[in-house]
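Undergrad: Mind having a look at this structure? Questions to follow.
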Amino acid sequence: MDIFEFAIQMEKDGEAFYRDMAGKIHEKGVKQILNMLAEDEVKHARALEQIRSRTTEMADTDILDKAKNIFVRMKDFQEEFDFDHSHEALYRQAMKIEQDSIDFYLDRADQVEETSHKALFLRLAEEEKKHYRLLSGLVDFVSRPRTWLENAEFYHMEEY
Numbered sequence: 044m045d046i047f048e049f050a051i052q053m054e055k056d057g058e059a060f061y062r063d064m065a066g067k068i069h070e071k072g073v074k075q076i077l078n079m080l081a082e083d084e085v086k087h088a089r090a091l092e093q094i095r096s097r098t099t100e101m102a103d104t105d106i107l108d109k110a111k112n113i114f115v116r117m118k119d120f121q122e123e124f125d126f127d128h129s130h131e132a133l134y135r136q137a138m139k140i141e142q143d144s145i146d147f148y149l150d151r152a153d154q155v156e157e158t159s160h161k162a163l164f165l166r167l168a169e170e171e172k173k174h175y176r177l178l179s180g181l182v183d184f185v186s187r188p189r190t191w192l193e194n195a196e197f198y199h200m201e202e203y
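In terms of this note's numbering, the sequence shown opens at residue 44 and continues consecutively.
In structure tokens:
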């Protein structure tokens with residue numbers, strides 16, 4: 044298995060993980076965020092497949108902005124939050140997977156010589172960092188939904 048096959052499989056596994064998690068979650072906004080994460084993993088796999096075939100274009104993602112809007116809607120339209128706090132462990136597991144992906148892509152970027160490959164691996168690492176920040180925000184939101192949006196950290200989910 045070459046580096047691209049491994050990375051593609053890693054992204055497909057990530058997609059399956061997020062879709063499985065979304066199937067276990069009852070809160071619509073969180074389910075929507077998990078499905079967006081799954082879709083981003085599909086985009087990452089496509090980008091990796093394209094670079095293998097020498098067409099190296101990766102679609103942009105605006106997942107942080109979309110997620111922020113979902114969190115705001117959840118806060119504005121729900122009187123009571125009914126989060127299953129046992130799911131927090133799943134979100135933390137997803138954070139670990141994203142951190143492993145970040146490390147993997149940064150390591151590969153250091154190892155490859157071709158500029159386009161290096162650029163793609165660095166971009167994928169940045170995308171996985173966005174996912175990590177989003178999941179971290181989700182853990183915080185589930186832990187304290189009423190105060191989370193007022194916290195200044197929420198408004199810094201986007202790129203600095």
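Each residue gets a CB set at the ideal place from its N, CA and C atoms; glycine is no exception.
When the Cα of K172 is compared with those of S186, Y148, D183 and Q154, which residue comes out closest?
TA: Ranking the options by Cα distance to K172, first place goes to Y148.
Undergrad: Helix, strand or coil: how does DSSP classify V182 here?
TA: Here V182 sits in helix by DSSP.
Undergrad: Once you ignore the five residues that flank E186 on each side, which residues in its own chain have a CB closer than 6 Å to its CB?
TA: Checking the sequence, you will find Ser at residue 186 rather than Glu. Once the five neighbours on either side are set aside, S186 has no close Cβ partner at all.
Undergrad: Thinking just about the alpha-carbon of each residue, which of D63, A168, F60 and I140 is nearest to the one in D153?
TA: When only C-alpha atoms are compared, the closest one is A168.
Undergrad: Near L91, which residues of its chain fall below 7 Å by C-beta distance, leaving aside the five closest residues on each side in sequence?
TA: So the qualifying residues of the chain are F47, A50, I51 and E54.
Undergrad: Skipping 5 residues on each side, what residues in its chain have a beta carbon closer than 6 Å to that of G57?
TA: Around G57: E84.
Undergrad: Relative to the alpha-carbon of S159, which residue among Q93, V182 and K139 has its alpha-carbon at the smallest distance?
TA: With distances taken between Cα atoms, S159 lies closest to Q93.
Undergrad: Using beta-carbon positions only, say whether H174 and E141 come within less than 7 Å of one another.
TA: Yes.
Undergrad: Alpha carbon to alpha carbon, what distance is there between L163 and G180?
TA: When rounded, the distance between both Cα atoms is 26 Å.
Undergrad: Around the C-beta of E170, are 16 or more other C-beta atoms found within 10 angstroms, so that it is buried, or is it exposed?
TA: Per the 10 Å Cβ criterion, buried.
Undergrad: For V155, I'd like the list of residues in its chain whose CB is within less than 6 Å of its CB, leaving aside the five on either flank, ordered along the chain.
TA: These residues qualify, in order along the chain: K161.
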